[in-house]
Each structure stands twice: as C-alpha cells, then as structure tokens.
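Numbering (numbering that gives the first Met the number 0), first residue to last: 0 to 77. Think of the CB as a built atom: it goes at the ideal place given N, C-alpha and C, for glycine as much as any other residue. Just so we're clear, the structure is a prediction, and the values are computed from it rather than from any experiment.
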Amino acid sequence: MRESPPPLPDVLIPRALARMREERPAVTDDGSWMFPRLMLQVWTETTRSPELALVLGEGYENVRGRGPGWWRGIRRRG
C-alpha cells in the first residue's frame, strides 16, 4: 500500500524495519536479529570489492534520487 505523501521518517523507518523482520525473521544463536549484522558485513565487503561497491552505490543513488519527491510530500503535509 502506497501513501501519498509518504509517512514521516519516524513512522516510515520503524514500519520498514518491522516488515523486514517479518519477512526475514532470521536470528542468531543468541536470539538477536541477524539483519544489522548482515548490513555491517555487506558494508565491509564493499570496501574490498569495487564491483559490489558499484552495485550498492547504484542502489543508494536510486534511493537518493527519490528523495526530492519524498521531501516535497512531507513539506506539503506540514
């Protein structure tokens, strides 16, 4: 479900993390959620692999490119 304008970051980010946790509920042996550790590992791998850094960079730029429209929507909401 898409909202227009999108929700503010303090609503959007927890919602996105909760959804990721529902869809990928992987946990470590001690029961902690694996996603933060995985993201750290991906980030460190990009420092060693120019190809991976390029893919991650393109994804980041794609997300950043959506920012202006997102911020306009937030401003309209007040």
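Through-space distance from residue j to residue i, alpha-carbon basis
| i | j | result |
| --- | --- | --- |
| Trp69 | Val26 | 32 Å |
| Glu21 | Pro35 | 15 Å |
| Thr43 | Arg71 | 33 Å |
| Met67 | Glu60 | Residue identity check: residue 67 is Pro in the sequence provided, not Met. The straight-line gap from Cα to Cα measures roughly 12 Å. |
| Val41 | Ser48 | 10 Å |
| Leu11 | Leu39 | 21 Å |
| Glu57 | Gly30 | 33 Å |
| Val62 | Asp9 | 17 Å |
Within 8 Å, strictly: CB atoms of residue i and residue j
| i | j | result |
| --- | --- | --- |
| Arg75 | Pro4 | yes |
| Leu55 | Thr45 | yes |
| Ile73 | Leu16 | no |
Residue i beta carbon near the ligand NAD (any heavy atom closer than 7 Å)
| i | result |
| --- | --- |
| Arg75 | With respect to small molecules bound, the structure shown includes none, and the ligand NAD cannot be examined in it. |
Cutoff 7 Å; reference residue i; Cβ partners in own chain excluding five residues on either side
| i | result |
| --- | --- |
| Gly33 | Residue 33 is actually Met in this sequence, not Gly. If we look at Met33 and ignore the five residues flanking it on each side, its Cβ neighbours are Ala25, Val26 and Thr27. |
**Report entry** Segments assigned beta strand (DSSP E), at least 3 residues, entirely inside the stretch 12 to 39
**Finding:** With a minimum length of 3 residues, no continuous beta strand (DSSP E) run stays inside the stretch 12 to 39.
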